[in-house]
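Numbering (this note's numbering), first residue to last: 200 to 356.
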């Protein structure tokens, strides 16, 4: 089974959010994030815009597998549209497609604005980030997530 860190070494990819869900009192993990890779297809088409202008376009082609990231012990998560997330030199992370922060404003907020630092030693709290094509998913958790890849055809959709 792949680990979160395995994806950190990959170059950032065009990831799309397939689903984000959380549950209470069920057998599913409290926070589940499903992602799908995509790439621009080779076949260029034509798109007619409202202005009647014809432009070349290429559709996104989605891969046939889903990357599923399950957090069994998370403290907080946030999803921000990437256009509203400024670059901040204060923040330090390692990774590419998946990231782990050693210093971030989100984890500072969690330490100051919640009881997390009283309930768990600070060194056990980690800030994970998954940058997708249009969003940044940030999760602060006590334990590493469980990552798996599943075929789209195996999902009960």
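The beta-carbon is built from N, C-alpha and C at its ideal position, and this holds for glycine as well.
For residue 292 and residue 203, which I take to be in contact (beta-carbon distance under 8 Å), what is that distance rounded to the nearest angstrom? Your numbering for residue 292 matches position 93 in the chain shown. Your numbering for residue 203 matches position 4 in the chain shown. Not confirmed; about 13 Å, so no contact.
If you follow the alpha helix (DSSP H) that residue 204 is part of, which residue opens it and which one closes it? Within the chain shown, the letter at position 5 stands for residue 204. First-last of the alpha helix (DSSP H) with residue 204: 203–207.
Residue closest to residue 236, alpha-carbon to alpha-carbon, out of 216, 220, 242 and 230: By 1-based counting over the chain shown, the position of residue 236 is 37. Per the Cα distances, 216.
Could you spell out the range, first to last residue, of the beta strand (DSSP E) harbouring residue 306? The residue given as residue 306 occupies position 107 in the chain shown. Run containing residue 306: none in the beta strand (DSSP E); it sits in the alpha helix (DSSP H), 304–312.
Measure the alpha-carbon distance for residue 286 versus residue 210 and round it to whole angstroms. Position 87 of the chain shown holds residue 286. Position 11 of the chain shown holds residue 210. Using only the alpha carbons, I get a separation of about 18 Å.
Per DSSP, what kind of secondary structure is residue 238 in: helix, strand or coil? Mapped onto the chain shown, residue 238 falls at position 39. In the structure shown, residue 238 sits in a strand (DSSP, three-state: E or B).
Exposure label - residue 354; buried when at least 16 CB within 10 Å: Along the chain shown, one-based indexing puts residue 354 at 155. Classification of residue 354: exposed, given that the 10 Å Cβ count is below 16.
Please name the residue in 222, 260, 220 and 268 whose C-alpha comes closest to that of residue 348. Residue mapping note: residue 348 aligns to position 149 of the chain shown, counting from 1. For the residues 222, 260, 220 and 268, the minimum Cα distance to residue 348 belongs to 268.
What residue does the alpha helix (DSSP H) around residue 315 start on, and which one ends it? In the chain shown, residue 315 corresponds to position 116, counting from 1. Element bounds for residue 315: 315–318.
The beta strand (DSSP E) spanning residue 262 covers which residue range? As a position in the chain shown, residue 262 is number 63, starting the count at 1. Its beta strand (DSSP E) spans residues 259–270.
So the candidates are 309, 331, 335 and 333; which of them puts its Cα closest to the Cα of residue 323? On the chain shown, position 124 is the one that residue 323 refers to. Taking only the C-alpha atoms, the option nearest residue 323 is 309.
How long is the line joining the alpha carbons of residue 231 and residue 242, rounded to whole angstroms? The residue given as residue 231 occupies position 32 in the chain shown. The residue given as residue 242 occupies position 43 in the chain shown. If I take the Cα positions, the gap works out to 34 Å.
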